[in-house]
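Be aware that the sequence shown starts at 1, since it is given in the UniProt record's numbering, and climbs by one per residue. Quick notes on the structure that follows.
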Amino acid sequence: MFFRSLCFAGAVSAAFVGNLNYLSPSRHHASLGVSIHRVAKRTHGTTHWDPSQLNFTHGVASGDPSEDSVILWTRAAPTNDNDASNVTVSGYVPLYDHSTEEYVLSSNAPVCIDWKVGTSETLEKIVDSGTAYTSSDIDYTIKVEAKKLRSFTTYYYQFAICNSKKKSPIGRTKTIPSSDDKISKPIKLAVYSCSNYPFGFFNAYGNPVRKDSVEYVVHLGDYIYEYANGDCSRISVLTCQVHVGLYDYRKRLATYRTDLDLLASHQKFPWIPVWDDHEVADNTWRDGSAHLNNTEDSFISDGGVSVDQRKMNAVRAYFEWMPIRQVDMDDNLRIWRNFQFGNLFDLIMLDTRQYDRSITDVYWNANYLSDIYNDASRSLMGPRQEAWFYRTLKDSSSRGTTWRVVGNQIVFSRINSSISLGSETPFNYDQWDGYQANRNRTFHTLYENDIGNNIFLAGDSHASWVSDLVWLDEHPYDPATGNGSVGVEFAGSAVSSPSPAGQNVTLAEAQVASEYFTATNAELQWQDFYYRGYYELSISHERVDAAYFGVPTTTVRSGAEISLANFTVMAGANKLRRHNGRAAVGGVVESGSLKGGNFIPKKILFDSETKEWHPY
Ligand SMILES: [Fe+2]
C-alpha cells in the first residue's frame, strides 16, 4: 500500500511538472509561485472529472520555437469562466491561494490531458507526446514543451482529454533553424501590435492565415487592453471595467481569445510575443503607470491594489495564457530573449516596458520629463537587459549572421511633432524619444562595432512609420539617398486600436497629418495614420522586403485588405532602397505620405476569403 501510494504521488508530480504553468512564475521558490506539492496533495486519490464535463474552451496555440522544441498551449476546463481565485496574501504564506473553492468543491481532481506532435496533419507518425495536468490553480491552462523536434520543420499537434475521444483542434507549428544552419530560402514573418477588442474585429490576424503567407508571427505588445474604452459592444456580456486583479486579467485574455481570427492565427502559426504597456496598464514603467502611482493616495483611489501586485497579477495571467517561455524561472518579469534563425538573422526581442523602465510620461509629469529626458541614467530596459542587448547585437554580428532584427515595443526613431501638433513638448516621452541616452548607447554600440544590417521593428503608436535608422546630430544623413543610415525601422499600425489622429479621422485628414510628419522629420520616409493593419517581412541573405497591409474595416469580420506600401532593404545598404528617388517600391504608395512623392491609390483590395481582387 505504501509502495503504491509513493508511485501514485510520483506520477502525479510528473504530470503536474509537465505543465509549465505550474512552474511559473518561480520554479525554485515555491513560496513565490504555485505550490505543486499542495496541489498534488489536495488532488491525490480523488474522483476524476467526467470527460463530458470538460471542453477545450479557447483553441490551441504554439510559440517560442527553438531549433528542437516549441511551446504548445491549450485550455481544458469545466467552465468558460476563469478561476476567480484572487486572493492576495501577505506574510509567510505563498503568494498564490489554493482554496479555489468553486471548482475544488465540484471536483478536486486535476484535469488530465494527453498531447502529441506529429509530422503530418493526420498525426500518424508521432515524434513527441505526453500527459499533463491542469486545474483551477492555473485557470485550467496547459502549457507543455514539445521536444525531440528537428530544426526548421513543420509539425502538427493535438490535445485530448485523457481516456476519452474528446480532442482539441489540430494546430500547426514550426521550429526555427539551428544557429549554424545555412538558410537558402527567405523566412517570412507577420508583425503585429495593438489589438483592442472593443474597437473591432481582429481581421488583420486572419489574413495571413487565409493567405498562408508567413511562417511565424511576431507580436510587439498590446495583445490586450486593460481598460474600459469607448463602445464596449463586443464585450457586452463580459466585464468592461478597468481591471486590477488576477481574475480580471484572466478574463480579459479569455475574452480576446474568442476572436475567431486571433484563434486561427494561434492555431496555424507559432507566435513570438512580447508585452507592451496594456498587458498591465496604460503607460507602465518599472514602478507605476498612467493611472496607478506607487503612492498611498493612488492605492486608495485607483482600486486598492499596489503597483507590484497589479503587475504580478497581469504577468501571471499572461504567462498562463500566452504560448511563451519563461526565460528565467527565477525572474518572472524576463521576456527579453533572442531567437537565432540560422546564419540569416537574429530576432532580438526586448522588453522596454515592464522590466526596468525609468519613469515615463504618465500625463501629469510632462514638464518634469522635458527636464530629465536626456539624463544618462534613464533607461528603457534597465542595466541588466541593456548590457544583454548590446552584447547580443555584438555576438550576432561576430557570428556572421546577416541581419539583426530587433523586436521592440515603441517607435525608435526621433519623431518631432512640434510643428504638426503645436505641442509644447515636441517629443513623445513614452517612446525612445524620452530615453535619449538609451538610444545613444544603442547607436554607439552599432557604430563602435561596425554592426550593419539592422532592422528595428516597433508597434505601440497605432500608425505606420518607416524610417532610415539615423543617429541624428551625430552622423550626417542625406534623406534623398539614405546615406548615413545604419539600418531601417519598420513601425507598424494596430490590429484594431484607433489612430492617434482620431478614431473617426477621414482619409483626407489623415493624409494632411502624415504629410506634416514626413516634411518635418528627415529620416521618416513613409507615414500613414489612416489604416489599421499589419506588415509582413520576407528575409533573405540578399534583402529584406516589407509589405504593409491595411484593413478597410474592423467593424465587421472581413478578409479584405489593401496593399498600402512595400519597401526593400538590400544587404549591406543599411537604408531603404530608393526607386525614382523615393523609398517605397515603385516610388508610389497606396495611402499615407511618402517623402518626395505622392500617393497614387490603385483602389483595389484583396479578399483573403475568396482570393479575389475588388475595387474599393
Ligand atoms: Fe497600443
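Just so it is clear, CB atoms sit at the ideal spot from N, CA and C, and this is done for glycine as well.
For S497, the Cβ falls inside the 7 Å cut-off from some heavy atom of ligand 1. Note on Q409: 16 or more other CB atoms within 10 angstroms of its CB, so buried under the neighbour-count rule. G482 has no beta-bridge partner at all, per DSSP.
Not one heavy atom of ligand 1 lies closer than 7 Å to the C-beta of H291.
Ligand 1 approaches A494 closely enough that one of its heavy atoms is under 7 Å from the residue's Cβ. In this structure, the C-beta of C194 approaches ligand 1 to less than 7 Å from one of its heavy atoms. Annotated as proximal: F345 and R404, with beta-carbon spacing under 8 Å. Residue T131 holds the alpha-carbon nearest to the alpha-carbon of G18 among T131, D139, L469.
P198 is bridged by DSSP to nothing; it lacks a bridge partner. At least one heavy atom of ligand 1 sits closer than 7 Å to the Cβ of D276. Between A61 and E145, the alpha-carbon positions lie close to 12 Å from each other. Judged by DSSP secondary structure, H58 falls within the beta strand (DSSP E) whose first and last residues are 55-63. Rounded to the nearest angstrom, the gap between the Cα atoms of L564 and F549 is 5 Å.
D460 has its Cβ nearer than 7 Å to a heavy atom of ligand 1.
At a cut-off of 7 Å, the beta-carbon of D50 does not count as near ligand 1: no heavy atom of the ligand is closer than that. A290 and D282 do touch by the CB rule: their CB atoms are close to 4 Å apart, below 8 Å. Counting every other CB atom within 10 Å of its CB across the protein chains shown gives A458 a total of 16 or more, marking it as buried. In the three-state DSSP reduction, E609 falls in the coil class, being neither helix nor strand. If you draw a straight line from the Cα of T518 to the Cα of W526, it comes to about 7 Å. The Cβ-Cβ distance between D276 and R337 does not fall below 8 Å.
Residue range 111-118 is occupied by the beta strand (DSSP E) that includes I113. By alpha-carbon distance to A513, the top candidate from P323, S593, P476, L537 is S593. The three-state secondary structure of D83, taken from DSSP, is coil. The C-beta of M312 has 16 or more other C-beta atoms within 10 Å across all chains shown, which makes the residue buried. Look at F567 here: in three-state DSSP terms it is strand. Only buried fits Q267, as 16 or more other CB atoms lie within 10 angstroms of its CB. Under the rule that a run must span 3 or more residues, the beta strand (DSSP E) segments found entirely inside the segment 415-466 read 454-458. Close CB contacts of G206 within its chain, under the 6 Å cut and outside five residues either way in sequence, are with D261, A264 (chain order).
For S514, the three-state secondary structure derived from DSSP is helix. At least one heavy atom of ligand 1 lies closer than 7 Å to the C-beta of D222.
Here the alpha carbons of L576 and R150 stand approximately 35 Å from one another. Note that the C-beta distance between V495 and Y192 is below 8 Å.
By the beta-carbon neighbour count (other beta carbons within 10 angstroms, threshold 16), H219 is buried. Taking the CA atoms as reference points, K603 sits about 16 Å from N566. Excluding five sequence positions before and after A254, the CB atoms of its chain that fall closer than 6 Å to its own CB belong to N82, given in chain order.
Collapsing the DSSP output to three states places H37 in a helix.
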